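For the sequence shown, the working numbering assigns the number 14 to the initial residue and increments by one for each residue that follows.
We put the CB at the ideal spot given by N, CA and C, even for glycine.
Nothing here was measured: the structure is a model prediction, and the numbers come from that model.
Comments concern the structure below.
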Amino acid sequence: MAQRSTNVDLVVTDLGGTMVRTDEAIIAAVRQAATELGIPDGHTDPVYGVFGTSIWQYVHTWLPDGHKDRTDECHARFWELFPHAVLDQITAFDGVEEALVELKRRGVRIAVLSGLKIESIEQIVATFRFQDWDAVRSSMPLKAAADSRAEGIRRLVEEFGVAPQRTIYIGDTDHDVRQARKAGVIAAVVKTGGQARKHLHKIEAEDPDHLLTSWPDLVYVIAA
Numbered sequence: 014m015a016q017r018s019t020n021v022d023l024v025v026t027d028l029g030g031t032m033v034r035t036d037e038a039i040i041a042a043v044r045q046a047a048t049e050l051g052i053p054d055g056h057t058d059p060v061y062g063v064f065g066t067s068i069w070q071y072v073h074t075w076l077p078d079g080h081k082d083r084t085d086e087c088h089a090r091f092w093e094l095f096p097h098a099v100l101d102q103i104t105a106f107d108g109v110e111e112a113l114v115e116l117k118r119r120g121v122r123i124a125v126l127s128g129l130k131i132e133s134i135e136q137i138v139a140t141f142r143f144q145d146w147d148a149v150r151s152s153m154p155l156k157a158a159a160d161s162r163a164e165g166i167r168r169l170v171e172e173f174g175v176a177p178q179r180t181i182y183i184g185d186t187d188h189d190v191r192q193a194r195k196a197g198v199i200a201a202v203v204k205t206g207g208q209a210r211k212h213l214h215k216i217e218a219e220d221p222d223h224l225l226t227s228w229p230d231l232v233y234v235i236a237a
């Protein structure tokens, strides 16, 4: 896909579904948590419609009717399992590591901002060969804010002293586009996440600045 070249100083990137395959691992951990609690199997397909919100919402959506009142219990058990119990199912998408190296060569700063717990984020990024991150952050401590991801992006922009219009936030859901817009930065979305595979129209309806096949396509978007 041809993309216009953009001058960028900072890339703020989501993790699961964006840089690494986590969709199946998350569902597997939710299912395992429910099984251990004696909860019947739930429904996977509706979860893709709420990707990008929160793990609690994923769990609530997955649980079958009659068991949604156990969301908190299942959510707590999920975090006792994730990511270590399913880490072997979490891998970087093809070309991501090479693209990270290339963007750093161009002088672009790279910050990870995910809605996972910081301990989970650190466990996942530790599996990368690339380790030259400028920041690794979780938006979970900001959940009191109405738009925690947007607030996390704004804080990173301020921390690095860069202009919002020279910052890209890249995710994999319609929610990510809205958060980028609220933060006043460039919105990019990849098609590698579960929502794009199941409900691409939701992402297209948000009209992101860049709709990319995969994360490595950023090297064609960002000016050399």
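Residue interval of the alpha helix (DSSP H) (run including residue i)
i	result
R90	84 to 94
A38	36 to 49
H188	187 to 196
H73	68 to 75
R150	Segment 148 to 151 is the beta strand (DSSP E) holding R150; no alpha helix (DSSP H) there.
A163	161 to 173
L231	231 to 234
Where the beta strand (DSSP E) through residue i begins and ends
i	result
G184	180 to 184
V114	It is not in any beta strand (DSSP E) - V114 instead sits in the alpha helix (DSSP H) that spans 109 to 118.
L23	23 to 26
H223	223 to 225
DSSP three-state assignment for residue i, whether helix, strand or coil
i	result
L129	coil
H214	helix
I199	strand
A209	helix
A124	strand
G62	helix
A98	helix
Residues near residue i by beta carbon distance below 7 Å, same chain, minus five either side
i	result
V175	D22, L23
R210	none
I134	L28, V125, S127, V149, S151
G286	Because the chain is modelled from 14 through 237, residue 286 falls outside the range shown and cannot be assessed.
V63	Q70, Y71, T74
P221	V190, A200, A201, V202
E86	L50
R90	A46, E49, L50
R57	Position check: residue 57 holds Thr in this sequence, whereas Arg was assumed. So the list reads I40, W75, once near-sequence residues are dropped.
S67	G128
Y61	G207, Q208, K211, H212
Residues near residue i in its chain [Cβ-Cβ closer than 6 Å; skip 5 each side]
i	result
V170	P177, T180
S227	F106, V203, T205
G55	W75, L76, P77
V25	A124, L126, I166, L169, Y182
H80	I52
Nonlocal neighbours in the same chain, by C-beta distance under 8 Å from residue i, ignoring five residues either side
i	result
L213	K204
E8	Because the chain in this structure spans residues 14 to 237, residue 8 falls outside the shown range and cannot be described.
Spell out a yes or no on whether the region 160 to 180 and the region 129 to 141 are touching, meaning 3 or more CB-CB pairs, one atom from each, closer than 8 Å. no
The region 105 to 122 in contact with the region 82 to 94 per 3-pair CB rule at 8 Å: no
Per the contact definition of three or more C-beta pairs closer than 8 Å, is the region 120 to 128 in contact with the region 38 to 46? no
Three-pair Cβ contact test at 8 Å for the region 71 to 84 versus the region 176 to 194: no
Taking one C-beta from the region 195 to 209 and one from the region 48 to 56 each time, how about it: are there three or more such pairs within less than 8 Å? no
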